[in-house]
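J.: First to last, the sequence lines map onto chains A and B. Per our numbering, residue 1 is the first one in the first sequence, and the count goes up by one each step. Per our numbering, residue 326 is the first one in the second sequence, and the count goes up by one each step. Quick reminder that beta carbons are idealized off the backbone N, C-alpha and C, glycines included. One structure follows; several queries about it will come next.
Protein chains: 2
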Amino acid sequence: MHLCQSDRVTSSSVCVLGLGLIGGSILRAAHDAGRPVWGWNRSADSISGAAADGYDVGTDLTAALTRASDENALIVIAVPMPAVDSVLSAIAEHAPTAPITDVVSVKAEVAAAVAARGLQDRYVGGHPMAGTNHSGWSATDPTLFVDAVWVVTTDPGVDADVWVRVARLALDCGSVVIPAESVEHDRAVARISHLPHLLAEALAIVGAAGGPLALGLAAGSFRDGTRVASSSPNLVRAMTEGNAAALRTALDEALQALIAAREELDQNSTRTLVDDGHAARMQYEQHQRFDITGITPGEPGWREALQDAGRRGGVVRQILSANPG
Amino acid sequence: MHLCQSDRVTSSSVCVLGLGLIGGSILRAAHDAGRPVWGWNRSADSISGAAADGYDVGTDLTAALTRASDENALIVIAVPMPAVDSVLSAIAEHAPTAPITDVVSVKAEVAAAVAARGLQDRYVGGHPMAGTNHSGWSATDPTLFVDAVWVVTTDPGVDADVWVRVARLALDCGSVVIPAESVEHDRAVARISHLPHLLAEALAIVGAAGGPLALGLAAGSFRDGTRVASSSPNLVRAMTEGNAAALRTALDEALQALIAAREELDQNSTRTLVDDGHAARMQYEQHQRFDITGITPGEPGWREALQDAGRRGGVVRQILSANPG
Numbered sequence: 001m002h003l004c005q006s007d008r009v010t011s012s013s014v015c016v017l018g019l020g021l022i023g024g025s026i027l028r029a030a031h032d033a034g035r036p037v038w039g040w041n042r043s044a045d046s047i048s049g050a051a052a053d054g055y056d057v058g059t060d061l062t063a064a065l066t067r068a069s070d071e072n073a074l075i076v077i078a079v080p081m082p083a084v085d086s087v088l089s090a091i092a093e094h095a096p097t098a099p100i101t102d103v104v105s106v107k108a109e110v111a112a113a114v115a116a117r118g119l120q121d122r123y124v125g126g127h128p129m130a131g132t133n134h135s136g137w138s139a140t141d142p143t144l145f146v147d148a149v150w151v152v153t154t155d156p157g158v159d160a161d162v163w164v165r166v167a168r169l170a171l172d173c174g175s176v177v178i179p180a181e182s183v184e185h186d187r188a189v190a191r192i193s194h195l196p197h198l199l200a201e202a203l204a205i206v207g208a209a210g211g212p213l214a215l216g217l218a219a220g221s222f223r224d225g226t227r228v229a230s231s232s233p234n235l236v237r238a239m240t241e242g243n244a245a246a247l248r249t250a251l252d253e254a255l256q257a258l259i260a261a262r263e264e265l266d267q268n269s270t271r272t273l274v275d276d277g278h279a280a281r282m283q284y285e286q287h288q289r290f291d292i293t294g295i296t297p298g299e300p301g302w303r304e305a306l307q308d309a310g311r312r313g314g315v316v317r318q319i320l321s322a323n324p325g
Numbered sequence: 326m327h328l329c330q331s332d333r334v335t336s337s338s339v340c341v342l343g344l345g346l347i348g349g350s351i352l353r354a355a356h357d358a359g360r361p362v363w364g365w366n367r368s369a370d371s372i373s374g375a376a377a378d379g380y381d382v383g384t385d386l387t388a389a390l391t392r393a394s395d396e397n398a399l400i401v402i403a404v405p406m407p408a409v410d411s412v413l414s415a416i417a418e419h420a421p422t423a424p425i426t427d428v429v430s431v432k433a434e435v436a437a438a439v440a441a442r443g444l445q446d447r448y449v450g451g452h453p454m455a456g457t458n459h460s461g462w463s464a465t466d467p468t469l470f471v472d473a474v475w476v477v478t479t480d481p482g483v484d485a486d487v488w489v490r491v492a493r494l495a496l497d498c499g500s501v502v503i504p505a506e507s508v509e510h511d512r513a514v515a516r517i518s519h520l521p522h523l524l525a526e527a528l529a530i531v532g533a534a535g536g537p538l539a540l541g542l543a544a545g546s547f548r549d550g551t552r553v554a555s556s557s558p559n560l561v562r563a564m565t566e567g568n569a570a571a572l573r574t575a576l577d578e579a580l581q582a583l584i585a586a587r588e589e590l591d592q593n594s595t596r597t598l599v600d601d602g603h604a605a606r607m608q609y610e611q612h613q614r615f616d617i618t619g620i621t622p623g624e625p626g627w628r629e630a631l632q633d634a635g636r637r638g639g640v641v642r643q644i645l646s647a648n649p650g
């Protein structure tokens, strides 16, 4: 399927499917950016707050998608992973040409579901790296994405115009865009987002096993080290289990470092782990983004050039496109 | 050696040996509490700031200890563990009867060094659970200990009057006191203070191994999970290696949980770790201290009663003593 370019580039409309913390915040941020935006949510309970605040939201998926098709809106899938497939099915039926993105925290699994429906030509994945431990409409925040990074995928075959529309939404929400292939994204977030959850859970378990004395002595290092263990177990499981393959690699590397440390501790030393860990944290603190410039989506080699720049720490802060839309 | 009680109880003087972050902050907090206080530091460089701020500090250890002996001051050892033994030697020589405490982050090793010098009758260990990632006089803060917990040890043979003097200093600095035996303290801090450092180092290593893309995507969970990896490697090594025996147990428990999680991850599940970790974090968040009351140091069974209460989550907020001092 090849989309008619003129259809796509003339629309700034956004259709958000799923109005949890991320979807609801995108609805509000896109609205504040002056874009026509409407939202759908399966349960009526979850949108009463949005409706009361005057947003154009409803529980009729067919209506939301028919309008997306009519206005050639960018469809944003913001439902949990288990609900993605049924939403894709509805999109295929009711919005046969509109561009599609998503905000699910793993990307290869969504890309595979999209491809299984034959929708890959008009899909570009997204992942805004923002969130809180809270959920529901009352937790939504139109500034949630300001200065956050928002991954926009650059898988082989990506359509330049759809890529630009997705990146533009991220920029309109205040984020910077990091271009990355889905599998690279998943490997990276396994290291810096999913592994932290597993280590936090383990630390909480060992701390609590020390009873009230240990919990009473716990100060900043334990509080910070276990913070994300207070996240909803369902969300943590969905996130970590959805990225199981990449997480295995990250966990294996962590186990390797900790088992080596355990052996060194038999000699009363923690030198290797502490020196390497400190050097790694310094790398993180000194990490410098650079602005990706001079790449125009659609020109020869644009995908590879973006992806290479993303790998090296580059971010997109503005879109240079022959087709602004 | 049995101290003359009337000597001890009439003095509120404090002599702080070592003026780093903790020692310097105690000097300032004790001063603000209206107590006569002076300090010693080996290197002159480190105390120029304290002297400029008008504190009574110097580099003559014999003079500081002779005055402590004359005024029956509470001597606070606030030097790093490797320097403890030489300080104890000077105390034995120049302040043969004054009560002694310390603020080193491990307690059994200090207690053993104290006993090796035959000073155990006038020593009670301490550990204020406070600190920052910064060091030096400019980082000292008289409010550093406000609302912190300060462990005061209750090892067999502890002298009630010395215990009261140490606890009173902690309370004067704004802390609450948790009574605990040295070995119990060391086991507890291995879980909630030293293990967090090892896990933070490992997380930093795995994150940085993902290169600029991973570091560029890192958000709150990675930042918080690796925060303490930015601490000075020398301090982290001193702390963790000084508590190697207890830390081995804590690390073994963490490895056990993580290896089991790795096996479960082969079935694409993280259920056990996530459920157990969340429950443990909830225990921590719901942990309630209670106030220890009705125990008078020196009365029969006071040591065991305090220790038992500390184990169950009790804290001392005021001293009930027949001998206020």
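#1: State yes or no: is the beta carbon of residue 196 of chain A nearer than 8 Å to at least one beta carbon in chain B?
#2: Around the Cβ of residue 592 of chain B, are there at least 16 other Cβ atoms within 10 angstroms (buried) or fewer (exposed)?
#3: Where DSSP assigns a beta bridge to residue 504 of chain B, which residues make up the other side?
#4: For residue 492 of chain B versus residue 502 of chain B, is the C-beta distance shorter than 8 Å?
#5: Rounded to whole angstroms, what's the CA-CA distance from residue 135 of chain A to residue 291 of chain A? Just pull it up for me.
#6: With a Cβ-Cβ cutoff of 8 Å, do residue 487 of chain B and residue 452 of chain B count as a contact?
#7: What's the C-alpha gap between residue 536 of chain B and residue 483 of chain B?
#8: For a contact defined as C-beta to C-beta under 8 Å, what are the partners of residue 642 of chain B on chain A?
#9: I believe residue 197 of chain A touches residue 226 of chain A by the beta-carbon criterion, under 8 Å. Please report the beta-carbon distance rounded to the nearest angstrom.
#10: Kindly list, in the order they appear in chain A, the residues whose Cβ is closer than 7 Å to that of residue 609 of chain B.
#11: Locate the beta strand (DSSP E) running through residue 162 of chain A, then write down its first and last residues.
#12: Within 10 Å of its beta-carbon, does residue 66 of chain A have 16 or more other beta-carbons around it, so buried, or fewer, so exposed?
#13: Would you kindly work out how many angstroms separate the C-alpha atoms of residue 121 of chain A and residue 112 of chain A, rounded to a whole number?
#14: If the cut is a Cβ gap below 8 Å, which residues of chain A does residue 467 of chain B touch?
#15: Name the two residues that bound the continuous alpha helix (DSSP H) containing residue 211 of chain A.
#16: Name, in chain order, the residues that DSSP records as bridge partners for residue 352 of chain B.
#17: Scan the stretch 601 to 642 of chain B and note each continuous beta strand (DSSP E) run of 3 residues or more that stays entirely inside, going in chain order.
#18: Kindly indicate the opening and closing residues of the alpha helix (DSSP H) around residue 196 of chain A.
#19: Tell me whether the stretch 148 to 155 of chain A and the stretch 35 to 50 of chain A touch, counting them as touching only if at least three CB pairs, one residue from each stretch, are closer than 8 Å.
#20: What are the residues of the stretch 234 to 265 of chain A that lie near chain B, defined by any Cβ-Cβ distance shorter than 8 Å?
#21: Let me know the secondary structure DSSP gives residue 416 of chain B once reduced to three states.
#22: Give the secondary structure of residue 444 of chain B by DSSP, where H, G and I count as helix, E and B as strand, and everything else as coil.
#23: Could you check whether residue 571 of chain B and residue 511 of chain B sit closer than 8 Å to each other, using their CB atoms as the reference points?
#24: Which residues in the same chain as residue 413 of chain B place their Cβ atom closer than 7 Å to its Cβ, once the five residues preceding and following it in sequence are excluded?
#25: I'd like to know whether the C-beta of residue 434 of chain B is nearer than 8 Å to at least one C-beta of chain A.
#26: Note down, in chain order, each residue of its chain lying with its Cβ closer than 7 Å to the Cβ of residue 140 of chain A, except the 5 sequence neighbours on either side.
#27: CA-CA distance, residue 175 of chain A and residue 152 of chain A?
#28: Rounded to a whole number of angstroms, what is the C-alpha to C-alpha distance between residue 468 of chain B and residue 495 of chain B?
#29: Taking one C-beta from the stretch 636 to 644 of chain B and one from the stretch 540 to 551 of chain B each time, how about it: are there three or more such pairs within less than 8 Å?
#30: Pairs of beta-carbons, one from the stretch 280 to 296 of chain A and one from the stretch 580 to 591 of chain B, closer than 8 Å: are there three or more?
#31: Residue 124 of chain A and residue 562 of chain B: beta carbons closer than 8 Å?
#32: Expressed to the nearest angstrom, what Euclidean distance is found between the alpha-carbon atoms of residue 415 of chain B and residue 610 of chain B?
#33: Counting only runs that start and end within the stretch 370 to 439 of chain B, where is the alpha helix (DSSP H) found for 4 or more residues in a row?
#34: Output the distance between the C-alpha atoms of residue 341 of chain B and residue 19 of chain A, rounded to the nearest integer angstrom.
#35: Once DSSP output is grouped into helix, strand and coil, what is the label at residue 142 of chain A?
#36: Start and end of the beta strand (DSSP E) containing residue 652 of chain B?
T.: Taking the coordinates as given:
#1: As a working mapping, residue 196 of chain A is identified with position 196 in the first sequence. Yes, residue 196 of chain A counts as interfacial toward chain B.
#2: Start at 1 with the first residue of the second sequence, and residue 592 of chain B comes out as number 267. Residue 592 of chain B is exposed by the Cβ-count criterion.
#3: Within the second sequence, the letter at position 179 stands for residue 504 of chain B. The partner list for residue 504 of chain B (beta bridge, DSSP) reads B:477.
#4: Translated into the one-based positions of the second sequence, residue 492 of chain B becomes position 167. Translated into the one-based positions of the second sequence, residue 502 of chain B becomes position 177. In contact: residue 492 of chain B and residue 502 of chain B (Cβ atoms closer than 8 Å).
#5: Locating residue 135 of chain A in the first sequence gives position 135, where the first residue counts as 1. Locating residue 291 of chain A in the first sequence gives position 291, where the first residue counts as 1. Going by the C-alpha atoms only, they are around 33 Å apart.
#6: In the second sequence, residue 487 of chain B corresponds to position 162, counting from 1. In the second sequence, residue 452 of chain B corresponds to position 127, counting from 1. No, these two residues do not count as a Cβ contact at 8 Å.
#7: Translated into the one-based positions of the second sequence, residue 536 of chain B becomes position 211. Translated into the one-based positions of the second sequence, residue 483 of chain B becomes position 158. Distance between the alpha carbons of residue 536 of chain B and residue 483 of chain B: 53 Å.
#8: Along the second sequence, read from residue 1 onward, the residue named residue 642 of chain B stands at position 317. Result: empty, since nearest Cβ-Cβ is about 13 Å, beyond 8 Å.
#9: One-based indexing of the first sequence puts residue 197 of chain A at position 197. One-based indexing of the first sequence puts residue 226 of chain A at position 226. 10 Å between Cβ atoms; not a contact.
#10: Taking the second sequence and counting its residues from 1, one reaches residue 609 of chain B at position 284. Within chain A, the residues near residue 609 of chain B are 204, 207, 208, 215, 218, 226.
#11: If you number the first sequence from 1, residue 162 of chain A lands on position 162. Per DSSP, residue 162 of chain A belongs to no beta strand (DSSP E); it is in the alpha helix (DSSP H), 160 to 172.
#12: Working through the first sequence from its first residue, we reach residue 66 of chain A at position 66. With fewer than 16 other Cβ atoms within 10 Å, it is exposed.
#13: Taking the first sequence and counting its residues from 1, one reaches residue 121 of chain A at position 121. Taking the first sequence and counting its residues from 1, one reaches residue 112 of chain A at position 112. Their Cα atoms are separated by approximately 13 Å.
#14: Stepping through the second sequence from its first residue, residue 467 of chain B is reached at position 142. Within 8 Å Cβ-Cβ: nothing; residue 467 of chain B doesn't reach chain A, min ~18 Å.
#15: Here residue 211 of chain A is taken as the residue at index 211 of the first sequence, counted from 1. Element bounds for residue 211 of chain A: 211 to 217.
#16: Position 27 of the second sequence, counted from the start, is the residue given in the question as residue 352 of chain B. Residue 352 of chain B pairs with nothing; no bridge assigned.
#17: none
#18: Counting from 1 along the first sequence, the entry for residue 196 of chain A is found at position 196. Residues 195 to 208.
#19: no
#20: 236, 237, 240, 241, 244, 247, 248, 250, 251, 252, 253, 254, 255, 257, 258, 259, 261, 262, 265
#21: Looking up residue 416 of chain B in the second sequence gives position 91. When DSSP states are grouped into helix, strand and coil, residue 416 of chain B belongs to the helix group.
#22: In the second sequence, the residue the question calls residue 444 of chain B occupies position 119. If DSSP states are grouped into helix, strand and coil, residue 444 of chain B belongs with coil.
#23: Counting from one through the second sequence, the residue named residue 511 of chain B turns up at place 186. Counting from one through the second sequence, the residue named residue 571 of chain B turns up at place 246. Going by C-beta atoms, residue 511 of chain B is nearer than 8 Å to residue 571 of chain B.
#24: Working through the second sequence from its first residue, we reach residue 413 of chain B at position 88. Taken in chain order, the residues that qualify are 438, 439, 442, 444.
#25: Counted from its first residue, the second sequence places residue 434 of chain B at position 109. So, not an interface residue.
#26: One-based indexing of the first sequence puts residue 140 of chain A at position 140. So the list reads 21, 24, 25, 28, once near-sequence residues are dropped.
#27: Position 175 of the first sequence, counting from 1, holds the residue named residue 175 of chain A. Position 152 of the first sequence, counting from 1, holds the residue named residue 152 of chain A. When rounded, the distance between both Cα atoms is 11 Å.
#28: Counted from its first residue, the second sequence places residue 468 of chain B at position 143. Counted from its first residue, the second sequence places residue 495 of chain B at position 170. In a straight line, the C-alpha of residue 468 of chain B is about 12 Å away from that of residue 495 of chain B.
#29: no
#30: Short answer: they don't touch.
#31: As a working mapping, residue 124 of chain A is identified with position 124 in the first sequence. As a working mapping, residue 562 of chain B is identified with position 237 in the second sequence. Going by C-beta atoms, residue 124 of chain A is not nearer than 8 Å to residue 562 of chain B.
#32: On the second sequence, position 90 is the one that residue 415 of chain B refers to. On the second sequence, position 285 is the one that residue 610 of chain B refers to. Each residue's alpha carbon lies about 44 Å from the other.
#33: Listed in chain order, they are 373 to 377, 386 to 396, 406 to 419.
#34: As a first step, residue 341 of chain B must be located in the second sequence, where it is residue number 16. As a first step, residue 19 of chain A must be located in the first sequence, where it is residue number 19. Those two C-alpha atoms are separated by around 58 Å.
#35: Reading the first sequence from its first residue, position 142 is the one you call residue 142 of chain A. Coil, per DSSP.
#36: As shown, chain B starts at 326 and ends at 650. That puts residue 652 of chain B outside it, with no answer to give.
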